[in-house]
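Q: Okay, handing you the structure first.
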Amino acid sequence: MKTILVTGATGQIGVELTQALLERYGGDKVIATDYNNQPHNGWPQTSHFFRLDVRDATTLNEIVENYQCDTIFHLASLLSAVAETKPLEAWDININGLLNVLEVARTHRCSVFFPSSVGAFGPEAPSFDTPQDSLQRPKTLYGITKVSGELLCDYYYHRFGVDTRGLRYPGLISNKALPGGGTTDYAVDIFYAAVKNRHYDCFLRADTQLDMMYMPDAIAAAIKLMAADRASLRHRNAFNVTAMSITPEQLADEIQNHLPDFTMTYTVDPLRQAIADSWPRHMNDSAARNEWGWLPQYDLAAMVKDMLIQIATRENGLNRGCYAAG
Ligand code: SER
2 MKTILVTGAT
12 GQIGVELTQA
22 LLERYGGDKV
32 IATDYNNQPH
42 NGWPQTSHFF
52 RLDVRDATTL
62 NEIVENYQCD
72 TIFHLASLLS
82 AVAETKPLEA
92 WDININGLLN
102 VLEVARTHRC
112 SVFFPSSVGA
122 FGPEAPSFDT
132 PQDSLQRPKT
142 LYGITKVSGE
152 LLCDYYYHRF
162 GVDTRGLRYP
172 GLISNKALPG
182 GGTTDYAVDI
192 FYAAVKNRHY
202 DCFLRADTQL
212 DMMYMPDAIA
222 AAIKLMAADR
232 ASLRHRNAFN
242 VTAMSITPEQ
252 LADEIQNHLP
262 DFTMTYTVDP
272 LRQAIADSWP
282 RHMNDSAARN
292 EWGWLPQYDL
302 AAMVKDMLIQ
312 IATRENGLNR
322 GCYAAG
């Protein structure tokens, strides 16, 4: 990687991925962009930042050309719950934004990272041990854009030789930027509520089992996949990856091990519950483990311990974005 463009850089994944790329490759080599006007306040002052709506192909081309970018981490996207409230806008951002990125990558010979999601599966896929190659009939607009994105990335690789790679992320748990409008957001919100109020009212049922991952593992996975030897990648786009498969009740129990007075109630949001019920409980990620050495570092206990420490010391400066992937 010589010069890296990040879209959706102030979103839940983008803030930490940009930080990691800046540390690894240096301030001159990372061009952060987002629909938001402001860079994240945790990044070094010297880093390059531009406002970019990924639907604006002209500005995207100018940035890639001016900085001679050779790698694009394309994170800008609407998440599952918010996409259900504005499906046409979600299609426009998630699909036309990706097409603009793939076209600029084709013209300028860039590699592309595309985050797909557990949401790319629907209820017809096996719920447990969901195979890497399985039936994908998602019932959400978000999921439809993710499957379409996987296929477009495959197409650009096979048809034009663009080096596209991707991961099917599970719910991502982070403490530097909040997710905006996802179904798995409860697994982030719960920590802030636990630290501040010792109570959380969860919008999913107690027994809603879903795959999750702590953000440091999600960032390491993206960087490792993009650095992997291309000859070893059979499933280059959309590798299943997961680190834990948990319910809200199990997460609350683990938090109680640290904060014994923490309590949780449930007021189920029918929209997000229906989305969660249509997703796998636990994906099989053996293809990622075998093809490029995926190995998560954080299980439930390690993640909860670190989240509580980080949140207790880092409550200020958070940015609830609604325009970046996770
Ligand atoms: N975290 C995302 C969401 O809940 C799933 O990829 O929408």
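Residues 2 to 327 (my numbering) make up the sequence shown, in order. Ideal placement from N, C-alpha and C gives every residue a C-beta, glycine not left out. Since we're looking at a predicted model, the values are computed, not measured.
Measuring CA to CA, which of Glu90, Gly28, Ile94, Leu173 is closest to Met214?
A: The option with the nearest alpha carbon to Met214 is Leu173.
Q: Are the beta-carbon atoms of Met265 and Cys203 separated by less than 8 angstroms?
A: yes
Q: DSSP three-state call for Ser287: helix, strand or coil?
A: helix
Q: Give me the Cα-Cα distance between Gln210 and Phe122, rounded to the nearest whole angstrom.
A: So the alpha carbons of these two residues sit roughly 15 angstroms apart.
Q: Would you mind giving the Cβ-Cβ distance between Asp212 and Pro180, rounded to the nearest angstrom? I have them listed as a contact below 8 angstroms.
A: Not a contact, Cβ separation roughly 15 angstroms.
Q: Just list the residues that DSSP pairs Cys203 with in beta bridges.
A: Tyr267
Q: Is the distance from the Cβ of Ala207 to the Cβ of Thr248 below 8 angstroms?
A: yes
Q: Can you find a heavy atom of the ligand FAD that lies under 7 angstroms from the Cβ of Leu301?
A: The ligand FAD is absent from the structure shown, which contains only the ligand SER.
Q: Enumerate in chain order the residues of its own chain whose CB-to-CB distance from Arg110 is below 6 angstroms, with the five nearest sequence positions on each side excluded.
A: none
Q: Which stretch, first to last residue, makes up the alpha helix (DSSP H) that contains Arg235?
A: Looking at the DSSP string, Arg235 is not in any alpha helix (DSSP H), and its letter there is neither H nor E.
Q: Looking only at its chain, what residues have a beta carbon closer than 7 angstroms to the beta carbon of Met308, apart from the 5 residues adjacent to it on each side?
A: Ile174, Asn176, Phe192
Q: So, for Arg25: in the same chain, excluding its five sequence neighbours on each side, which residues have a beta-carbon less than 8 angstroms away from its beta-carbon?
A: Within the same chain, Arg25 has close Cβ partners Ile224.
Q: What's the gap between the Cα of Pro220 and the Cα of Arg290?
A: A small correction: the amino acid at residue 220 is Ile; Pro does not occupy that position in the sequence shown. One C-alpha to the other measures close to 16 angstroms.
Q: Per DSSP, Asp212 is paired with what?
A: Ser246
Q: How about His75 and Thr8: do their beta carbons lie closer than 8 angstroms?
A: yes
Q: Should Asn95 be labelled buried (16 or more other beta-carbon atoms within 10 Å of its own) or exposed?
A: Result: buried.
Q: Quick check: Arg235 and Glu292, are their CB atoms within less than 8 angstroms of each other?
A: yes
Q: Beta carbon of Ala288, beta carbon of Gln137: below 8 angstroms?
A: no
Q: Are Leu205 and Gln251 closer than 8 angstroms when you measure CB to CB?
A: no
Q: Residues in its own chain within less than 6 angstroms of Tyr158 by CB, not counting five upstream and five downstream?
A: Once the five neighbours on either side are set aside, the close Cβ partners of Tyr158 are Thr165.
Q: Work out the CA separation of Asp218 and Tyr299 for me, nearest whole Å.
A: 7 angstroms
Q: Where in the stretch 120-191 do unbroken runs of the beta strand (DSSP E), each at least 3 residues long, occur, reported from the N-terminal end onward?
A: 129-131, 165-170, 172-174
Q: What does the alpha-carbon distance come out to for the pair Ser48 and Asp29?
A: Whole-angstrom Cα-Cα distance: 7 angstroms.
Q: By DSSP, does His41 sit in helix, in strand, or in coil?
A: coil
Q: When you measure from the CB of Leu179 to every non-hydrogen atom of the ligand SER, does any distance come out below 7 angstroms?
A: No, the Cβ of Leu179 stays beyond 7 angstroms of every heavy atom of the ligand SER.
Q: Could you check whether Thr19 and Tyr68 sit closer than 8 angstroms to each other, using their CB atoms as the reference points?
A: no
Q: Skipping 5 residues on each side, what residues in its chain have a beta carbon closer than 7 angstroms to that of Ala188?
A: So the list reads Gly172, Ile174, Met213, Leu252, once near-sequence residues are dropped.
Q: Could you tell me the boundaries of the beta strand (DSSP E) in which Val31 lies?
A: Counting along the chain, the beta strand (DSSP E) containing Val31 begins and ends at 31-35.
Q: Taking the alpha carbon of Thr268 as the reference point, which residue from Val55, Tyr201, Thr72 has its own alpha carbon closest?
A: Tyr201
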